[in-house]
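*Asks:*
There are 2 protein chains.
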Amino acid sequence: MKPVVTIEPNWQLCSDCAVRASAVCSSLDAAELREFGHLGRRVHFSSGQTVFSEEDITTSFYNLLEGVMRLYKLLPDGRRQIVGFALPGDFLRMNISGRHNFSADAIGAVTVCQFAKSPFGRFIEDRPHLLRRINELAIRELSQARDHMVLLGRRSADEKVAAFLLGWRERLVSLKRALDTIPLPMNRQDIADYLGLTIETVSRTLTKLERPGVIEIIHGGISLLDPAKVEALAAA
Amino acid sequence: MKPVVTIEPNWQLCSDCAVRASAVCSSLDAAELREFGHLGRRVHFSSGQTVFSEEDITTSFYNLLEGVMRLYKLLPDGRRQIVGFALPGDFLRMNISGRHNFSADAIGAVTVCQFAKSPFGRFIEDRPHLLRRINELAIRELSQARDHMVLLGRRSADEKVAAFLLGWRERLVSLKRALDTIPLPMNRQDIADYLGLTIETVSRTLTKLERPGVIEIIHGGISLLDPAKVEALAAA
DNA sequence: CGTGGGATTGAGGCTGCTCAAATTTGGTGG
DNA sequence: CCACCAAATTTGAGCAGCCTCAATCCCACG
Numbered sequence: 504m505k506p507v508v509t510i511e512p513n514w515q516l517c518s519d520c521a522v523r524a525s526a527v528c529s530s531l532d533a534a535e536l537r538e539f540g541h542l543g544r545r546v547h548f549s550s551g552q553t554v555f556s557e558e559d560i561t562t563s564f565y566n567l568l569e570g571v572m573r574l575y576k577l578l579p580d581g582r583r584q585i586v587g588f589a590l591p592g593d594f595l596r597m598n599i600s601g602r603h604n605f606s607a608d609a610i611g612a613v614t615v616c617q618f619a620k621s622p623f624g625r626f627i628e629d630r631p632h633l634l635r636r637i638n639e640l641a642i643r644e645l646s647q648a649r650d651h652m653v654l655l656g657r658r659s660a661d662e663k664v665a666a667f668l669l670g671w672r673e674r675l676v677s678l679k680r681a682l683d684t685i686p687l688p689m690n691r692q693d694i695a696d697y698l699g700l701t702i703e704t705v706s707r708t709l710t711k712l713e714r715p716g717v718i719e720i721i722h723g724g725i726s727l728l729d730p731a732k733v734e735a736l737a738a739a
Numbered sequence: 504m505k506p507v508v509t510i511e512p513n514w515q516l517c518s519d520c521a522v523r524a525s526a527v528c529s530s531l532d533a534a535e536l537r538e539f540g541h542l543g544r545r546v547h548f549s550s551g552q553t554v555f556s557e558e559d560i561t562t563s564f565y566n567l568l569e570g571v572m573r574l575y576k577l578l579p580d581g582r583r584q585i586v587g588f589a590l591p592g593d594f595l596r597m598n599i600s601g602r603h604n605f606s607a608d609a610i611g612a613v614t615v616c617q618f619a620k621s622p623f624g625r626f627i628e629d630r631p632h633l634l635r636r637i638n639e640l641a642i643r644e645l646s647q648a649r650d651h652m653v654l655l656g657r658r659s660a661d662e663k664v665a666a667f668l669l670g671w672r673e674r675l676v677s678l679k680r681a682l683d684t685i686p687l688p689m690n691r692q693d694i695a696d697y698l699g700l701t702i703e704t705v706s707r708t709l710t711k712l713e714r715p716g717v718i719e720i721i722h723g724g725i726s727l728l729d730p731a732k733v734e735a736l737a738a739a
């Protein structure tokens, strides 16, 4: 059930870490980075595994290195809202009470850099530049969260899907990848739970976009044949 | 249009500030507090005034001292999503690009403690305890934001209204006030835009709760006659 | 080549929206 | 104190968008 592979402490790996530039650690100098590296260990998860759960008292911070995760909350009756998708470089922290307030699953294979709570807390405690960096990331997340509230509360199904495609492409692009087609590692149900829709509505909406040739649905992704049209549909 | 009254720097007022214990400044000692007080000035806004706008490049941080504000985003066609209500002690910051990513209006009379960006930034720069405090507040906001996403994306109108009443009461209670009835300073449209509903649906839902005596609608507020029933409806 | 899970398509229904009117509330001035 | 007006709220009727339930399709995989 949990074939988790833990690799040795990765202090020697930090310097050429794939997310070095974008992650929390971007604010560290070489010496600090070495010390910091001792605190984290790389852990792998395979597709569908749960990295942590909402209700757990967790003892770790996570830095996503490779792969995609869905971050979600469940209602008692099973309804699910995906509050975000995590990409490499994203930092997942717990709140004051020592819990994440959401759960996280791997979508496809995932590698994280895991930090134990106490040593991590001690390390950042007196490093204002790191604290500022963490702050910066939190602010950005807050901003995204508020944008998503607008989407969930005030946009139609068509607008939601169009905005999702554009936003997801945007994130992948800023992750340096040149894209001809947009990969969609998450399944339709994930997209539906992210947009506050049902799987059928998502499917229908995509089909509706494909019919006039605005997008093309490919296995594992889509491509924007008419990006301008999609942007118009997203209605800013 | 902007009869804003600015009071002199309030360093002598900080020590007995109403939000001293809950706001950012709770992490400061006496000496720091005096210095900090020099940076802020108290500003008053009257009902309905806009404190800052989404698109403005703003130059200030705000600490809400008295009153209630609605924080919202607008779509180009005028649809509005209220992303939160600010209460005394809440801290409103801009993001890296120097903008708030939402607008803020006063609901009733409001007093804020306003800080200019640069001196504020310099003050917190090397104060890890303050940075940690700010972080803490950001994390809490993020947590609330995610809860609200669940509400917006996955709850029915009845559940939304019930959850709103409980959540609002909770916040007021934790602000020390004993409550017989729950004051609702915001109007129905505000509630609707907060919950992702129309004003008619909010009104109908409240009526539906009042008819069997679950709540009572009073001038400027409501009272929970049967809190257990409301909690059941919220389906937490 | 068969199997099964994900995705798509279809038909019909319900929740919440739209448009419109009635009612209540709050403010203002006589 | 009361009449009157504007604004907010409530109520009603009808409709539409999205959901529900169900069947079918499409691949990937054994």
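If you read the sequences in order, they're chains W and H.
All residue numbers for the first sequence refer to this note's numbering, where the first residue is 504 and numbers rise by one.
All residue numbers for the second sequence refer to this note's numbering, where the first residue is 504 and numbers rise by one.
From the three backbone atoms N, C-alpha and C, an ideal C-beta is built for every residue, glycine too.
CB-CB under 6 Å to W:K505, same chain, minus the five flanking residues each way: which ones, in chain order?
*Replies:* Its pLDDT being 48, under 50, W:K505 is placed unreliably in this model, and the coordinates cannot settle the point.
*Asks:* Is the Cβ of H:D608 closer than 7 Å to any Cβ of chain W?
*Replies:* no
*Asks:* Quick check: is the beta carbon of H:M652 nearer than 7 Å to any beta carbon in chain W?
*Replies:* Yes, H:M652 counts as interfacial toward chain W.
*Asks:* According to DSSP, simplified to helix, strand and coil, what is W:H547?
*Replies:* strand
*Asks:* For the beta strand (DSSP E) containing H:D585, list its first residue and its last residue.
*Replies:* Reading the sequence as shown, one finds Ile at residue 585 of chain H and not Asp. From DSSP, the beta strand (DSSP E) with H:I585 extends over R583 to A589.
*Asks:* Against chain W, which members of the segment 686-705 of chain H pass a CB distance test of less than 9 Å?
*Replies:* D696, Y697, L698, G699 and L700
*Asks:* H:S646 versus chain W: which residues are under 8 Å apart at the beta carbon?
*Replies:* N598 and N604
*Asks:* Should W:S549 and W:A612 be called a contact, given that it needs their Cβ atoms to be closer than 7 Å?
*Replies:* yes
*Asks:* In the structure shown, what three-state DSSP assignment does W:I637 receive?
*Replies:* helix
*Asks:* Taking 7 Å as the threshold (beta carbon to beta carbon), is H:V571 in contact with chain W?
*Replies:* Interface annotation, H:V571: not in contact with chain W, CB-CB separation never under 7 Å.
*Asks:* With 7 Å as the threshold, decide whether the Cβ of H:N638 is near any Cβ in chain W.
*Replies:* yes
*Asks:* In chain order, what residues of the same chain have a beta carbon less than 7 Å from the beta carbon of H:R691, not counting five sequence neighbours either side?
*Replies:* I702, V705 and S706
*Asks:* Which two residues bound the contiguous beta strand (DSSP E) that contains W:Q617?
*Replies:* S606 to A619
*Asks:* By the three-class DSSP mapping on this structure, what secondary structure does H:I627 have?
*Replies:* helix
*Asks:* Counting only beta-carbon atoms, is H:K576 nearer than 7 Å to chain W?
*Replies:* The C-beta of H:K576 comes closer than 7 Å to at least one C-beta of chain W.
*Asks:* Whose Cβ in chain H lies nearer than 7 Å to the Cβ of W:V656?
*Replies:* Looking at the sequence itself, residue 656 of chain W is Gly, so the reference to Val does not match. Within chain H, the residues near W:G656 are Q584, L655 and G699.
*Asks:* Output needed for W:I685: all residues of its chain with C-beta closer than 6 Å, excluding positions within five of it in sequence on either side, in chain order.
*Replies:* Hits under 6 Å: R672, G724 and I725.
*Asks:* Could you name each continuous alpha helix (DSSP H) segment of 4 residues or more that falls completely within the segment 661-736 of chain H, going from the start of the chain to the end?
*Replies:* Given a length threshold of 4 residues, each whole run of the alpha helix (DSSP H) inside the segment 661-736 of chain H is given here in chain order: 691-698 and 702-713.
*Asks:* Which same chain residues, not among the five before or five after W:G592, have their C-beta less than 6 Å away from its C-beta?
*Replies:* V522, S525 and A526
*Asks:* Within 10 Å of its beta-carbon, does W:R643 have 16 or more other beta-carbons around it, so buried, or fewer, so exposed?
*Replies:* exposed
*Asks:* For H:G624, is the classification buried or exposed, using 16 other Cβ atoms within 10 angstroms of its Cβ as the cut-off for buried?
*Replies:* exposed
*Asks:* Tell me, please, whether the CB atom of W:K505 is closer than 7 Å to any CB atom in chain H?
*Replies:* Interpretation of W:K505 is limited by its pLDDT of 48, a score under 50 that renders its predicted location unreliable; the figure taken from the coordinates is listed afterwards. For W:K505, the answer is no, since every Cβ of chain H falls outside 7 Å of its Cβ.
*Asks:* When the Cα atoms are used, what is the spatial distance from W:E713 to W:Y697?
*Replies:* 21 Å
*Asks:* Nearest to W:L736 by CA position, among W:L669, W:I694 and W:E628, is which residue?
*Replies:* W:L669
*Asks:* Three-state secondary structure (DSSP) at H:G570?
*Replies:* In this structure, H:G570 counts as strand in the three-state DSSP scheme.
*Asks:* Quick one: using the 10 Å Cβ neighbour count with 16 as the cut-off for buried, is W:R596 buried or exposed?
*Replies:* buried
*Asks:* Look at the alpha carbon of W:L675 and the alpha carbon of W:Q584, and state the distance between them as a whole number of angstroms.
*Replies:* 22 Å
*Asks:* Residues in the same chain with beta-carbon distance under 7 Å from H:T708, minus the five sequence neighbours each way, listed in chain order, please.
*Replies:* A660, D661 and V664
*Asks:* Say whether chain W places a C-beta atom closer than 7 Å to the C-beta of H:D629.
*Replies:* yes
*Asks:* Taking only three categories from DSSP, how would you classify W:L595?
*Replies:* strand
*Asks:* From what residue to what residue does the alpha helix (DSSP H) around H:G601 run?
*Replies:* Segment: none, H:G601 is in no alpha helix (DSSP H) and carries neither H nor E.
*Asks:* Mind checking W:L634: buried by the 16 CB within 10 Å criterion, or exposed?
*Replies:* buried
*Asks:* What is the DSSP secondary structure of W:S518, reduced to helix, strand or coil?
*Replies:* helix
*Asks:* At 8 Å on the CB atoms, spell out the chain W contacts of H:R635, in chain order.
*Replies:* E628 and L634
*Asks:* Strictly below 8 Å CB to CB, what residues from chain H border W:D580?
*Replies:* Under the 8 Å cutoff, chain H gives A738.
*Asks:* Within 10 angstroms of the Cβ of W:L687, are there 16 or more other Cβ atoms? Answer buried if so, exposed if not.
*Replies:* Buried: at least 16 other Cβ atoms inside 10 Å.
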